[in-house]
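Residue numbers (this note's numbering), protein chains in the order written: chain A, -14 to 272; chain B, 8 to 362. For every residue, glycine included, the Cβ atom is placed at its ideal position computed from N, Cα and C. The structure appears below as structure tokens.
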């Protein structure tokens, strides 16, 4: 079997290859390079093997920020996904209110992250912020700059405010794609609203919900700007999420080796979790 | 258990979807709603089912006024053009779903689902999900769901439209048998005149929100009482041309004339619309009384067993449908024969001229 070999095909692949190389492979390999070396001033590098990874695995500071990261991500997923679906279900399907609702929903998504952080920073200030002042006037002892609980509450409320809309919009897109005939058929059967949700709406929303959960998982795992502007990781280290910890290490302390090792583990956690989740959801799909 | 519509109409905003309609459908009958898209077939069905509430008039079922009764308490089934099944449930559970809502005992559900699956020939697929079935099987599953409970009214909204030709024929042949033993009112919507004839029973020809004629399907086809009804019930479209009756002759243009049908007292001299179905306009001479039509060919579609010739004559498009292969090049002159004894005469306002 002699297949004709056409080398011209390379010219079509090359641009993408270059793009991916400079976009992903080169930066990633730079990080890999840093992670296995010891850095001294004067741009001197020495091979150090996996020592940074070993150290990181034993480092309670890393464990803590990883723990905080998972707590944060799982909490906001547990709130945003059901809340988003509920709001999407409650939204009108026809008429002028559709556009009004959609615009209102899209608004938080359009605001830059550092602005969101700054807004909530002022909004929640106990002495002058609308939220902080109100809570304190109502008799709650609320000061997010000093109390861990209050800081987490503000952080999570802010993320829910900012990102639930994304889940709403995706779920809504899934819902409106269900033909009217399905609802009619269910009405003829006399199916309950719960049965309609369980057997028609939820299965039809499954794909978009998978995407929504994945996007929210990755985005919240990468979150940096908002908590940094809001709390700066404090009080103490109580809201220092992975990315903030990483930035402190890499830029604040200029520990390139450990920071690179941390980046890689961070990257692998996101990649692995997303892959496992996606595979599980899609395998169900095929059954 | 007859279904009666008494002056039922539906308007949404300024749009009238259904003009006030009177209709009585008897139990154990197969009724076809025939009309083009947007003729109001689906809306009328939804009104019958109770999915939509009429803006005027009343719906009576079995001697009871059910106008305001919710759909789930009416014992109605509906099959749609799309294959509507619960995606997560097995075929068995899909068919069983109306019975589960009705809280039937376990054994009864099993027996009924088994029976209906046998009837629709999907027994081997009971454990599969709808997505693992072919289109035809998915629609069979949806039909089984509609048939499994003893509904008083079964509505089928273009159920065969999304199936390919072969499956459509297969299912269409089975349809009348499925309902033969039942004492329910069956309403079937379609855009295809041939389907209305093949399924038998009665047809309501619909046009722009009105039922223009209701009666036994073949009778409507033979003698449509209005021009609209004739147009709805003809595929390819019926040929219409203005003629003038003078004395015993019908004149088409200057040169063509034929003998007017006799014995119709109100067929006075004047202008009429002459309607003749495409299969009565042929390239071969069907009888000595046929009128000759000279035309310019637009296009000739040859399918092997049939030829459809589109041509221009007397300042309007005509269609000829004939057996066999009759090739005509576009732009050429053609001599065709209209078997005028099979034609229908309508007054200029669209009423059939009858004896």
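Mind checking who residue i pairs with in its DSSP beta bridge?
| i | result |
| --- | --- |
| residue 288 of chain B | B/345 |
| residue 84 of chain B | B/161 |
| residue 324 of chain B | B/319 |
| residue 222 of chain B | B/210 |
| residue 15 of chain B | B/28 |
| residue 353 of chain B | B/280, B/359 |
| residue 60 of chain A | For residue 60 of chain A, which the question treats as bridged, DSSP gives no partner whatsoever. |
| residue 330 of chain B | B/313 |
| residue 25 of chain A | A/29 |
| residue 307 of chain B | B/316 |
In chain order, what residues of the same chain have a beta carbon less than 6 angstroms from the beta carbon of residue i, not counting five sequence neighbours either side?
| i | result |
| --- | --- |
| residue 272 of chain A | Its pLDDT being 48, under 50, residue 272 of chain A is placed unreliably in this model, and the coordinates cannot settle the point. |
| residue 77 of chain A | 83 |
| residue 65 of chain B | 13, 72, 74 |
| residue 339 of chain B | 304 |
| residue 63 of chain B | 16 |
Do you know how far the Cα of residue j is from the Cα of residue i?
| i | j | result |
| --- | --- | --- |
| residue 172 of chain A | residue 79 of chain B | 6 angstroms |
| residue 273 of chain B | residue 234 of chain B | 18 angstroms |
| residue 36 of chain B | residue 259 of chain A | 58 angstroms |
| residue 187 of chain A | residue 241 of chain A | 46 angstroms |
| residue 244 of chain A | residue 210 of chain A | 18 angstroms |
| residue 197 of chain B | residue 219 of chain B | 15 angstroms |
| residue 223 of chain B | residue 87 of chain B | 24 angstroms |
| residue 215 of chain B | residue 360 of chain B | 23 angstroms |
| residue 250 of chain A | residue 215 of chain A | 26 angstroms |
| residue 165 of chain A | residue 56 of chain A | 40 angstroms |
| residue 335 of chain B | residue 325 of chain B | 14 angstroms |
| residue 219 of chain A | residue 261 of chain A | 32 angstroms |
| residue 226 of chain B | residue 42 of chain B | 17 angstroms |
| residue 72 of chain A | residue 44 of chain A | 42 angstroms |
| residue 190 of chain A | residue 62 of chain A | 16 angstroms |
| residue 120 of chain A | residue 135 of chain A | 11 angstroms |
To which residues of the same chain is residue i closer than 8 angstroms at the C-beta, ignoring the five residues directly before and after it?
| i | result |
| --- | --- |
| residue 158 of chain A | 193 |
| residue 81 of chain B | 56, 57, 68, 73, 159, 160 |
| residue 332 of chain B | 309, 311, 314 |
| residue 75 of chain B | 60 |
| residue 38 of chain B | 32, 192, 193, 194, 195, 208, 209, 210, 211 |
| residue 170 of chain B | 142, 143, 146, 178 |
| residue 200 of chain B | 41, 228, 239, 240, 241, 242 |
| residue 117 of chain A | 108, 109, 110, 111, 127, 128, 129 |
| residue 89 of chain B | 169 |
Report the option in the options whose CA atom is closest to the CA atom of residue i.
| i | options | result |
| --- | --- | --- |
| residue 100 of chain B | B/85, B/124, B/83, B/195 | B/124 |
| residue 26 of chain B | B/217, B/347, B/281, B/81 | B/217 |
| residue 145 of chain A | A/165, A/60, A/215 | A/60 |
| residue 110 of chain B | A/161, A/176, A/149 | A/176 |
| residue 30 of chain B | B/10, B/20, B/308 | B/10 |
| residue 263 of chain A | A/229, A/249, A/195, A/231 | A/195 |
| residue 348 of chain B | B/226, B/12, B/284, B/319 | B/284 |
| residue 282 of chain B | B/137, B/231, B/95 | B/231 |
| residue 288 of chain B | B/303, B/225, B/316 | B/316 |
| residue 129 of chain B | B/335, B/301, B/265, B/102 | B/102 |
| residue 152 of chain A | A/87, A/232, A/235, A/-12 | A/87 |
| residue 207 of chain B | B/260, B/325, B/228 | B/228 |
| residue 166 of chain B | B/184, B/189, B/142 | B/142 |
| residue 270 of chain B | B/255, B/140, B/202 | B/255 |
| residue 185 of chain B | B/236, B/137, B/122 | B/122 |
| residue 93 of chain B | B/136, B/248, B/77, B/116 | B/136 |
| residue 244 of chain B | B/203, B/286, B/253 | B/286 |
| residue 99 of chain A | A/123, A/-5, A/143 | A/143 |
| residue 253 of chain B | B/341, B/268, B/131 | B/268 |
| residue 247 of chain A | A/39, A/149, A/89 | A/39 |
| residue 307 of chain B | B/328, B/300, B/298 | B/328 |
| residue 246 of chain B | B/149, B/20, B/353 | B/353 |
Leaving out five residues before and five after residue i in sequence, what residues of the same chain have Cβ atoms less than 7 angstroms from its Cβ?
| i | result |
| --- | --- |
| residue 54 of chain A | 206, 226, 227 |
| residue 293 of chain B | 344, 346 |
| residue 24 of chain A | 30, 241, 242 |
| residue 32 of chain A | 21, 22 |
| residue 264 of chain B | 256, 257, 258 |
| residue 205 of chain B | 179 |
| residue 249 of chain B | 278, 280 |
| residue 133 of chain A | 220, 223 |
Compute the minimum distance between the beta carbon of residue i and the heavy atoms of the ligand NAP, and state whether it is under 7 angstroms.
| i | result |
| --- | --- |
| residue 361 of chain B | This structure does not include the ligand NAP; it has no bound ligands of any sort. |
On the premise that residue j lies in contact with residue i, defined as a C-beta separation below 8 angstroms, what is that separation, rounded to the nearest angstrom?
| i | j | result |
| --- | --- | --- |
| residue 105 of chain A | residue 224 of chain A | Incorrect: roughly 12 angstroms between the Cβ atoms, too far for contact. |
| residue 277 of chain A | residue 69 of chain A | A question about residue 277 of chain A goes unanswered here, because the residues of chain A that appear run from -14 up to 272. |
| residue 198 of chain A | residue 66 of chain A | 6 angstroms |
| residue 155 of chain B | residue 120 of chain B | 6 angstroms |
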